[in-house]
Amino acid sequence: MRFSFHTIIIPDYPDPGEYLLYNTRSQAMVKINHELKDLIDHFDSAEYFRLRFQYADDVIGLHKMGILAHDETEDFTRLKAHMGQIKYSVNTDCCFATILTTYACNFKCVYCFEESSRVNEKMSMETADHTMDWLKAKVLKLGYRRLYLNFYGGEPLLNKPVLEYIAASMQEWCKNRSMEFKFMMQTNGYLMTPQLVDRYLELGLDQVRISVDGVGEDHDKHRPLRGGGSTFEVIMNNITASCVKLPVGISVSFDKGDVRHIEKLFAYCKDKGILHKLGRFIFSPIHATLGAKGETEKIQNSHCMCNYEDDALVQANRRIRELMVHYGLEMKSGMSTSVCPVTRNEAGVTVDQQGRIFKCNSMLGHPELSTGHVRDNDYNRQHQTFIHLDVYNQCPQDCTYMPMCSGGCRLSSFLKNRNFRTPTCHKPYLNKMAPEIIKQEYQSRFNKKGARLFFESGGDL
Numbered sequence: 057m058r059f060s061f062h063t064i065i066i067p068d069y070p071d072p073g074e075y076l077l078y079n080t081r082s083q084a085m086v087k088i089n090h091e092l093k094d095l096i097d098h099f100d101s102a103e104y105f106r107l108r109f110q111y112a113d114d115v116i117g118l119h120k121m122g123i124l125a126h127d128e129t130e131d132f133t134r135l136k137a138h139m140g141q142i143k144y145s146v147n148t149d150c151c152f153a154t155i156l157t158t159y160a161c162n163f164k165c166v167y168c169f170e171e172s173s174r175v176n177e178k179m180s181m182e183t184a185d186h187t188m189d190w191l192k193a194k195v196l197k198l199g200y201r202r203l204y205l206n207f208y209g210g211e212p213l214l215n216k217p218v219l220e221y222i223a224a225s226m227q228e229w230c231k232n233r234s235m236e237f238k239f240m241m242q243t244n245g246y247l248m249t250p251q252l253v254d255r256y257l258e259l260g261l262d263q264v265r266i267s268v269d270g271v272g273e274d275h276d277k278h279r280p281l282r283g284g285g286s287t288f289e290v291i292m293n294n295i296t297a298s299c300v301k302l303p304v305g306i307s308v309s310f311d312k313g314d315v316r317h318i319e320k321l322f323a324y325c326k327d328k329g330i331l332h333k334l335g336r337f338i339f340s341p342i343h344a345t346l347g348a349k350g351e352t353e354k355i356q357n358s359h360c361m362c363n364y365e366d367d368a369l370v371q372a373n374r375r376i377r378e379l380m381v382h383y384g385l386e387m388k389s390g391m392s393t394s395v396c397p398v399t400r401n402e403a404g405v406t407v408d409q410q411g412r413i414f415k416c417n418s419m420l421g422h423p424e425l426s427t428g429h430v431r432d433n434d435y436n437r438q439h440q441t442f443i444h445l446d447v448y449n450q451c452p453q454d455c456t457y458m459p460m461c462s463g464g465c466r467l468s469s470f471l472k473n474r475n476f477r478t479p480t481c482h483k484p485y486l487n488k489m490a491p492e493i494i495k496q497e498y499q500s501r502f503n504k505k506g507a508r509l510f511f512e513s514g515g516d517l
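Shown next, in the form of structure tokens:
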């Protein structure tokens with residue numbers, strides 16, 4: 057018996073002589089004492105024979121959790137089963153789909169990944185009908201119990217008739233089948249008045265996500281109106297009026313490790329009295345984008361965060377997490393399994409304004425990367441190409457982070473290597489950040505549940 061290749065060991069935490077363990081495959085977290093750690097390190101030694109009896113139940117429990125493995129063969133067998141499960145499994149609890157009501161946008165954001173292939177085109181009612189027919193067939197075929205739509209763009213509110221038509225129609229269809237229906241919007245917030253929110257709540261609106269990149273001029277220089285002009289004040293007025301009605305999540309981009317605009321945004325929201333009324337904050341480094349339509353390999357904005365040293369990203373994320381703790385804001389775990397949807401057989405899909413199906417929003421505007429069309433019953437050949445990439449086979453199978461990254465993001469691979477077949481590795485970054493993230497996750501779980509996440513001494517599971 058030994059520690060799994062995929063178990064992270066954090067010594068002297070939360071107290072000296074204790075070890076916090078986290079398995080990246082099973083996502084199990086446990087705290088053990090020094091004596092049990094010493095036993096596992098010398099499990100086959102005759103000197104530790106007595107301790108094997110004393111800690112027998114604990115060892116069995118750790119093995120069931122995936123923290124321990126009998127040998128490397130068992131480790132690799134578990135990993136193979138894990139990769140197959142996340143690739144082909146279907147969570148029938150909820151069908152999630154993103155619908156692009158329009159490619160048009162009233163903003164001209166400086167880093168928009170869609171700008172290089174922007175067309176001023178809206179989804180027609182006919183395409184909306186085909187989209188709904190395709191979704192209904194998918195729901196019935198796979199037996200989903202809930203339907204959750206994400207209206208996206210461009211700016212989805214530039215095509216309100218189609219958005220409202222789809223939401224009302226699918227709400228009625230789901231109601232007739234005793235299914236739950238909800239939807240969200242990813243919008244720039246400029247047109248999201250509180251009156252519109254009230255109307256959409258009746259159609260099943262569940263939450264809204266808005267991008268805000270700082271305060272005042274910091275935001276306006278990155279997210280101006282397409283014809284010129286500031287947007288911050290209008291957006292914040294809409295957010296302030298709407299966040300008491302439903303969750304309004306905030307997405308913030310950052311570049312070159314500079315997060316001062318995030319510090320200002322937190323302080324601004326606190327001063328307005330809305331910081332703890334908002335939904336979840338999501339922070340993303342600005343990344344490069346695909347080239348224009350038909351010129352996918354002509355990468356745009358290649359000065360992005362992906363090309364900086366991992367140290368810059370580490371420092372940025374450390375500061376962001378410090379701010380989240382300081383303001384008492386909920387953080388999403390950074391250690392959960394995150395499989396690229398491009399390589400999954402039945403992941404969430406995105407339908408563009410023409411009815412083309414994509415596996416990744418960043419591929420929108422590039423029809424050669426489409427995996428099907430709502431007028432067709434089956435996915436196309438590109439879908440098969442994507443799901444059979446299996447780039448994780450090129451990675452060391454004993455990599456601690458293999459179960460949670462599966463070889464990395466396929467878009468990042470294309471941006472860096474001009475192909476989808478090469479793994480993208482962020483192990484140096486994870487080596488630095490993983491212990492900090494796991495510690496924060498431990499504190500969050502322990503404080504919330506008061507649960508015993510540890511083994512004190514022999515036999516105490």
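Residue numbering for the sequence shown follows the working numbering, starting at 57 and increasing by one per position.
We put the CB at the ideal spot given by N, CA and C, even for glycine.
Computed from a prediction, not measured in an experiment: that's the story for all the values here.
Checklist entry - Any contact of the segment 301 to 317 with the segment 264 to 272, i.e. 3+ C-beta pairs under 8 Å? => result A contact exists between the segment 301 to 317 and the segment 264 to 272.
Item to check | Enclosing beta strand (DSSP E) for Y75 [first to last residue] | outcome: One-based indexing of the sequence shown puts residue 75 at position 19. Residues 74 to 79.
Item to check | Cβ shell of I64 (< 8 Å), same chain only, five flanking positions each side left out | outcome: On the sequence shown, position 8 is the one that residue 64 refers to. Correct list, in chain order: L77, Y78, N79, T80, T456, A490, P491, I494.
Checklist entry - So what does DSSP say about K312, is it helix, strand or coil? => result Along the sequence shown, one-based indexing puts residue 312 at 256. Note: K312 maps to coil in three-state DSSP.
Item to check | C-alpha distance - S180 paired with V218, whole-angstrom precision | outcome: As a position in the sequence shown, residue 180 is number 124, starting the count at 1. As a position in the sequence shown, residue 218 is number 162, starting the count at 1. So the two alpha carbons sit approximately 7 Å from each other.
Checklist entry - Which of the three DSSP states, helix, strand or coil, is assigned to L261? => result Here residue 261 corresponds to residue number 205 of the sequence shown, with the count starting at 1. Strand.
Checklist entry - Where does the unbroken alpha helix (DSSP H) through T183 begin, and where does it stop? => result The sequence position of residue 183 within the sequence shown is 127, counting from 1. For T183, the uninterrupted alpha helix (DSSP H) segment begins and ends at 181 to 198.
Checklist entry - Should D68 be labelled buried (16 or more other beta-carbon atoms within 10 Å of its own) or exposed? => result Residue mapping note: residue 68 aligns to position 12 of the sequence shown, counting from 1. Residue environment for D68: exposed (fewer than 16 other C-beta atoms within 10 angstroms of its C-beta).
Next on the checklist: Does the contact criterion of 3 or more C-beta pairs under 8 Å hold for the segment 112 to 127 versus the segment 86 to 104?
Outcome noted: Cβ pair count under 8 Å is three or more, so yes.
Item to check | Close-in-space but distant-in-sequence residues of the same chain around W190 (CB under 6 Å, 5 per side omitted) | outcome: Residue 190 sits at position 134 when you count from the first residue of the sequence shown. Here the set comprises V430.
Checklist entry - Measuring CA to CA, which of P72, L205, D274, Y485 is closest to Q263? => result By one-based count along the sequence shown, residue 263 stands at place 207. Comparing Cα-Cα distances from Q263 to each of P72, L205, D274, Y485, the minimum goes to L205.
Checklist entry - At which residues does the alpha helix (DSSP H) containing Q242 begin and terminate? => result Here residue 242 is taken as the residue at index 186 of the sequence shown, counted from 1. From DSSP, Q242 is part of no alpha helix (DSSP H) but of the beta strand (DSSP E) over 236 to 243.
Checklist entry - Are the Cβ atoms of K143 and I443 separated by less than 8 Å? => result Walking along the sequence shown from the start, residue 143 turns up at place 87. Walking along the sequence shown from the start, residue 443 turns up at place 387. The Cβ atoms of K143 and I443 lie closer than 8 Å to each other.
Checklist entry - Rounded to whole angstroms, how far is the Cβ of A154 from the Cβ of N417, which I believe are closer than 8 Å? => result Taking the sequence shown and counting its residues from 1, one reaches residue 154 at position 98. Taking the sequence shown and counting its residues from 1, one reaches residue 417 at position 361. Per the sequence shown, residue 154 should be read as Thr rather than Ala. That belief holds up - the Cβ atoms of T154 and N417 are roughly 7 Å apart, short of 8 Å.
Item to check | Residue burial classification, I123 (beta-carbon count within 10 angstroms, cutoff 16) | outcome: Taking the sequence shown and counting its residues from 1, one reaches residue 123 at position 67. So I123 ends up on the buried side.
Item to check | Collapsed DSSP secondary structure at S392 in the structure displayed | outcome: For the purposes of this step, residue 392 is identified with residue 336 of the sequence shown, where counting begins at 1. Under the three-state reduction of DSSP output, S392 falls in the coil class, being neither helix nor strand.
Checklist entry - DSSP puts S82 in a beta bridge; with which residues? => result On the sequence shown, position 26 is the one that residue 82 refers to. BP columns for S82 are empty, so no partner.
Next on the checklist: Can you tell me which residues form a DSSP beta bridge with S340?
Outcome noted: Taking the sequence shown and counting its residues from 1, the one referred to as residue 340 is at position 284. Paired residue(s): S309.
Next on the checklist: I'd like the ranges of any alpha helix (DSSP H) spanning at least 4 consecutive residues and lying wholly in the segment 121 to 153.
Outcome noted: Here the runs fully enclosed are 128 to 144.
Checklist entry - How many Å lie between V253 and S298 at the Cα? => result For the purposes of this step, residue 253 is taken as the residue at position 197 of the sequence shown. For the purposes of this step, residue 298 is taken as the residue at position 242 of the sequence shown. Going by C-alpha positions, V253 is about 7 Å away from S298.
Item to check | Contact under 8 Å by Cβ, P479 with Q453 | outcome: Locating residue 479 in the sequence shown gives position 423, counting from the first residue. Locating residue 453 in the sequence shown gives position 397, counting from the first residue. Taking 8 Å as the cut-off, the Cβ atoms of P479 and Q453 do not count as close.
Checklist entry - Do you know offhand how far P397's Cα is from C461's? => result Position 341 of the sequence shown, counted from the start, is the residue given in the question as residue 397. Position 405 of the sequence shown, counted from the start, is the residue given in the question as residue 461. Computed Cα separation, rounded: 11 Å.
Checklist entry - Hey, how far is the Cα of Q499 from the Cα of Y383? => result As a first step, residue 499 must be located in the sequence shown, where it is residue number 443. As a first step, residue 383 must be located in the sequence shown, where it is residue number 327. Each residue's alpha carbon lies about 16 Å from the other.
Item to check | CA-to-CA distance, G464 to M139, given in whole angstroms | outcome: The count along the sequence shown starts at 1 and reaches residue 139 at position 83. The count along the sequence shown starts at 1 and reaches residue 464 at position 408. Rounded to the nearest angstrom, the two C-alpha atoms are 13 Å apart.
Next on the checklist: Here's the rule: buried if 16 or more other CB atoms are within 10 angstroms of the residue's CB, otherwise exposed. What is S60?
Outcome noted: The residue given as residue 60 occupies position 4 in the sequence shown. Buried.
Checklist entry - By a C-beta neighbour count over all protein chains shown, 10 Å radius and 16 as the cutoff for buried, is N244 buried or exposed? => result Residue numbering aside, residue 244 sits at position 188 when the sequence shown is read from its first letter. Result: buried.
Item to check | Whole-angstrom C-beta distance between S307 and R265, which should lie under 8 Å | outcome: Residue 265 sits at position 209 when you count from the first residue of the sequence shown. Residue 307 sits at position 251 when you count from the first residue of the sequence shown. The Cβ separation is near 6 Å, so the contact holds.
Checklist entry - Exposed or buried, which one is G285 when buried takes at least 16 other CB atoms within 10 Å? => result For the purposes of this step, residue 285 is taken as residue 229 along the sequence shown, with counting starting at 1. Of the other Cβ atoms in all chains shown, fewer than 16 fall within 10 Å of the Cβ of G285; this residue is therefore exposed.
Checklist entry - Can the beta-carbon of T157 be found less than 8 Å from the beta-carbon of G199? => result Translated into the one-based positions of the sequence shown, residue 157 becomes position 101. Translated into the one-based positions of the sequence shown, residue 199 becomes position 143. Not closer than 8 Å, so no.
Next on the checklist: Comparing C-alpha positions only, which one of R58, A224, H275, K301 sits nearest to V290?
Outcome noted: Position 234 of the sequence shown, counted from the first residue, corresponds to residue 290. Relative to the Cα of V290, the nearest Cα in the group R58, A224, H275, K301 belongs to H275.
Next on the checklist: Helix, strand or coil, according to DSSP, for F59 in the structure here?
Outcome noted: Within the sequence shown, numbered from 1, the residue matching residue 59 stands at position 3. If DSSP states are grouped into helix, strand and coil, F59 belongs with the strands.
Checklist entry - If L385 sits next to F310, beta carbons under 8 Å apart, how far is it from one beta carbon to the other, in whole angstroms? => result If you number the sequence shown from 1, residue 385 lands on position 329. If you number the sequence shown from 1, residue 310 lands on position 254. With a Cβ gap of about 16 Å, L385 and F310 do not count as contacting.
Next on the checklist: Looking at L257: is its Cβ nearer than 8 Å to the Cβ of K301?
Outcome noted: For the purposes of this step, residue 257 is taken as residue 201 along the sequence shown, with counting starting at 1. For the purposes of this step, residue 301 is taken as residue 245 along the sequence shown, with counting starting at 1. In this structure, L257 sits near K301, with a CB-CB distance shorter than 8 Å.
Next on the checklist: To the nearest angstrom, how far is the alpha carbon of H439 from that of S426?
Outcome noted: Counting from one through the sequence shown, the residue named residue 439 turns up at place 383. Counting from one through the sequence shown, the residue named residue 426 turns up at place 370. When rounded, the distance between both Cα atoms is 8 Å.
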